[in-house]
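Protein chains: 2
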Amino acid sequence: MSKAAKTDNNKDPKGRKRATSYDVAELAGVSQSAVSRVFQDGASASQAMRNRVMTAADTLGYRPNAIARGLITQRSNMVAVVISKLTNLYYPEVLVQLTQRFSEHDVRVLLFALEHEGDTGTVIEQMLQYRVDGIVTAAMFTPEQIKTINNARIPLVFYNRTPRDQLVSSVRCDQEEGERWLVDELVNAGHKTFGIVAGPPDSAVGIAREMGALNALAEMGVTDITTVSGDYGYETGRECFAQLVQKRGSPPDAIIAGNDVMAIGCIDAARENYGLKVPDDISIVGFDGVGPARYAAYDVTTVRQPVLRMTQSAASMLIERIENPELSPEKRAFSGRLIRGSSARLHSEDA
Amino acid sequence: MSKAAKTDNNKDPKGRKRATSYDVAELAGVSQSAVSRVFQDGASASQAMRNRVMTAADTLGYRPNAIARGLITQRSNMVAVVISKLTNLYYPEVLVQLTQRFSEHDVRVLLFALEHEGDTGTVIEQMLQYRVDGIVTAAMFTPEQIKTINNARIPLVFYNRTPRDQLVSSVRCDQEEGERWLVDELVNAGHKTFGIVAGPPDSAVGIAREMGALNALAEMGVTDITTVSGDYGYETGRECFAQLVQKRGSPPDAIIAGNDVMAIGCIDAARENYGLKVPDDISIVGFDGVGPARYAAYDVTTVRQPVLRMTQSAASMLIERIENPELSPEKRAFSGRLIRGSSARLHSEDA
Chain A
907 MSKAAKTDNN KDPKGRKRAT SYDVAELAGV SQSAVSRVFQ DGASASQAMR NRVMTAADTL
967 GYRPNAIARG LITQRSNMVA VVISKLTNLY YPEVLVQLTQ RFSEHDVRVL LFALEHEGDT
1027 GTVIEQMLQY RVDGIVTAAM FTPEQIKTIN NARIPLVFYN RTPRDQLVSS VRCDQEEGER
1087 WLVDELVNAG HKTFGIVAGP PDSAVGIARE MGALNALAEM GVTDITTVSG DYGYETGREC
1147 FAQLVQKRGS PPDAIIAGND VMAIGCIDAA RENYGLKVPD DISIVGFDGV GPARYAAYDV
1207 TTVRQPVLRM TQSAASMLIE RIENPELSPE KRAFSGRLIR GSSARLHSED A
Chain B
907 MSKAAKTDNN KDPKGRKRAT SYDVAELAGV SQSAVSRVFQ DGASASQAMR NRVMTAADTL
967 GYRPNAIARG LITQRSNMVA VVISKLTNLY YPEVLVQLTQ RFSEHDVRVL LFALEHEGDT
1027 GTVIEQMLQY RVDGIVTAAM FTPEQIKTIN NARIPLVFYN RTPRDQLVSS VRCDQEEGER
1087 WLVDELVNAG HKTFGIVAGP PDSAVGIARE MGALNALAEM GVTDITTVSG DYGYETGREC
1147 FAQLVQKRGS PPDAIIAGND VMAIGCIDAA RENYGLKVPD DISIVGFDGV GPARYAAYDV
1207 TTVRQPVLRM TQSAASMLIE RIENPELSPE KRAFSGRLIR GSSARLHSED A
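First to last, the protein sequences are chains A and B.
Just add 906 to the spot in the first sequence (first one is 1) and you have our numbering.
Just add 906 to the spot in the second sequence (first one is 1) and you have our numbering.
What follows is the structure, given as structure tokens:
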């Protein structure tokens, strides 16, 4: 912001300077140290003193400087939250929950929103420059980036991804387990041919889900598997369905989509473009448990991530490591919950 | 975070202190002022000097302190973004767009997520303490809160709400105009009885939409209007449909929902609980233009807000006022775009 530096931002439109604690002291007729005491947690000041100082502070629009205080305590009381693909319906919930959990600890969230999960290149430097106390990331970092963060002694918690061979903390939903549940139910219900609509190649969660489904299918002896890849959006779900049919020559018995929104796209393509009945002609399952998965027209069979517990854990794990940097890394994996919608014929319904 | 104050956060797990510019200078064998120059935008330093300093900085995990720099320039290079009802599908898009627009100006977003729009009480004080350079708020503030922010000389831009009788900047979608379009089309297509599913009473946008619809209906001479109120969610849309039918004794010709998600809930209730065909038996319209409104099973007639232009404007209006505090307030209203889905019988389709 080089342009900004030319104006004097310490002045208001009428040319007055921002009030300092000295201005407040002068107006209140007390010492500057008295003003400091009033604004310091736990410091002693009489109620009369508090009233005089607060009245003067309100008049002048003065507020103690959390940033300056941070320089003394070496704490910014800010954590960085790195998030990607926010328009994926799943993540907004995560962000609200995280922000509210940190707020309970009097810590604010500095937001870094990536267009793609791979766009982490520039944000590391920015987070370090703002001296965040800690980082929760829902985007994958490279080993070099993790090393840079560790060198800067900033606690780091990965959300829904666990970097391989790295000594870091993470909280995640057990995607592999969830995919196994879906595959077990589908195979036991008689589905023999499968389509997989995977997430984008730079999505760590997408890769975990795809590998989870492929491994489970292999263990169950399924060999007729066709895979295509989408971007987690509705339109891509519709297009992927067409690609699957084109690649195979006919629709598979079941489709395992990388998230609920692509599953919804597949359902609409199956119905509208191929005249198929869901689930009579084809079973379609998703993952996440987002709101639209419960709309009556779709009622998607899916695995719901325990968002509340995951975000609570991510926040508390990070806060603990900010307060006690000697804590060793910790990895927590939460089981999701299978939601039996009407978009798939499942084993237990036939039994 | 009183507990945290007891630990020395300036030390890493092995008891080493965070590296300072002096540490870097010592390792690089240069002066501290040389280190400062390397990290200062536009300051002169030879490439050889840069290389020596950067190598030492990387080794020690040193980064210049954006916060400390902010104390000198009186700029934190952070703006507060206040947002509520984030789980409403519409707002995540706003947040990503805003964050990316500010990022282009090298400004970071400090996020304040409110559970309800009315929960603004505590955030004002927090924003002031963090010395944000400016505020974009998608939650309404009271005149007292606006005065407090003005006293602190912090530029403020309201997003999608314009406080009455206040000298503040705002950017919004013209909700009233959008509702008028919907009402005109519906009335001209022969709809005579109306249900309104309004947003929550503390939503400024919800009130603007409800009043816009009511005023347009009154001007068109419609008198058979039943109003209920929901919380913008899918389930509430279903419940509101039932309430409307109960209040009226029968379904109205058309329902105007406060957002797309409640419109989707109304469509499902009409189909599933009342056996009605949409739009043959009843027309249902929404507002926002969110993703699920375009799902084939709903295809909601709605007004799409120009999110990209609105967020670009909010960011640039705020940046301008941070750089030049003397700029007078400005109000911008953007027209939405009517999306003719198959959830309503519209005039122009009959013509």
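Where a beta carbon is used, it is the ideal one built from N, C-alpha and C, also for glycine.
- When rounded, the separation of the alpha-carbon atoms in threonine 926 of chain A and glutamate 1083 of chain B is 46 Å.
- Annotation for alanine 951 of chain B: Ala940, Arg943, Val944 and Val959 place their beta carbon closer than 8 Å to its own, counting only its chain and skipping 5 residues before and after.
- Under DSSP, the beta-bridge partners assigned to alanine 1163 of chain A are A/Val1103.
- Taking 8 Å as the threshold, the shortest C-beta distance from asparagine 1165 of chain A to chain B does not fall below it.
- Chain B has no Cβ within less than 8 Å of the Cβ of valine 988 of chain A.
- Assignment of threonine 1054 of chain A by DSSP, reduced to helix, strand and coil, places it in the helix class.
- Taking a cut-off of 8 Å on C-beta distances, the stretch 1222–1241 of chain B does not touch the stretch 1190–1198 of chain B, as fewer than three cross pairs fall below it.
- The residues Gly1136, Met1168 and Gly1171, in chain order, have a CB closer than 7 Å to that of threonine 1142 of chain A in the same chain once the five nearest residues on each side in sequence are set aside.
- No residue range can be given for aspartate 1039 of chain A, since it is assigned to no alpha helix (DSSP H) and is classified by DSSP as neither H nor E.
- Not one beta carbon of chain A lies nearer than 8 Å to the beta carbon of aspartate 1108 of chain B.
- At a C-beta separation below 9 Å, glutamine 1032 of chain B has these neighbours in chain A: Ala972, Ser1009, Asp1012 and Arg1014.
- Listed in chain order, the non-local C-beta contacts of arginine 1059 of chain B below 8 Å within the same chain comprise Pro1231, local neighbours out to five positions each way being set aside.
- In the three-state DSSP reduction, isoleucine 1030 of chain B falls in the helix class (H, G or I).
- Taking 7 Å as the cut-off between beta carbons, the residues of the stretch 1171–1186 of chain B near chain A are Asp1174 and Glu1178, in sequence order.
- Residue A/Ala934 holds the alpha-carbon nearest to the alpha-carbon of alanine 954 of chain A among A/Gly967, A/Val1077, A/Tyr968 and A/Ala934.
- With a contact defined as Cβ atoms closer than 8 Å, glutamate 1023 of chain A and alanine 1110 of chain A qualify at about 7 Å.
- Going by beta carbons, isoleucine 1173 of chain A and alanine 1250 of chain A fall outside the 8 Å limit.
- Taking 9 Å as the cut-off between beta carbons, the residues of the stretch 1196–1224 of chain B near chain A are Gly1197, Pro1198, Arg1200, Tyr1201, Ala1202, Ala1203 and Tyr1204, in sequence order.
- With a threshold of 8 Å between beta carbons, valine 1002 of chain A makes contact with chain B.
- The C-beta of proline 1049 of chain B has fewer than 16 other C-beta atoms within 10 Å across all chains shown, which makes the residue exposed.
- Threonine 1099 of chain A is not a Cβ neighbour of aspartate 1080 of chain A, given a cutoff of 8 Å.
- For arginine 956 of chain B, the nearest beta carbon of chain A is not closer than 8 Å to its own beta carbon.
- According to the DSSP secondary-structure assignment, methionine 984 of chain B is paired through a beta bridge with B/Arg1014.
- Legend: CB atoms of the stretch 1058–1073 of chain A lying less than 7 Å from CB atoms of chain B belong to residues Ala1058 and Arg1059.
- When Cβ-Cβ separations below 8 Å define contact, threonine 1005 of chain B makes contact with chain A.
- Boundaries of the beta strand (DSSP E) around tyrosine 1065 of chain A: 1062–1065.
- Glutamine 1035 of chain B sits away from leucine 1214 of chain B, with the two beta carbons spaced by 8 Å or more.
- With its beta carbon at least 8 Å from every one in chain A, leucine 1150 of chain B lies outside the interface.
- Residue pairing of arginine 1238 of chain B in beta bridges, as defined by DSSP: B/Val1077.
- Proximity of chain B to leucine 1017 of chain A at the Cβ level (cut-off 7 Å) is accounted for by Thr1005, Val1015 and Leu1017, in chain order.
- In the DSSP assignment, threonine 1133 of chain B falls outside any alpha helix (DSSP H) and lies within the beta strand (DSSP E) extending over 1131–1135.
- Per DSSP, the beta bridge partners of arginine 1210 of chain B are B/Asp1194 and B/Arg1243.
- Nearest C-alpha to glutamate 1236 of chain B among B/Ala931, B/Leu1062 and B/Asp929: B/Leu1062.
- For the options A/Val1089, A/Cys1146 and A/Thr961, the alpha carbon positioned closest to that of proline 1106 of chain A is the one of A/Cys1146.
- For glycine 967 of chain A, the CB contacts under 7 Å within the same chain, skipping 5 residues up- and downstream, are Ala925 in chain order.
- Cα atoms of valine 1209 of chain B and glycine 1247 of chain B: separation of roughly 10 Å, rounded to the nearest angstrom.
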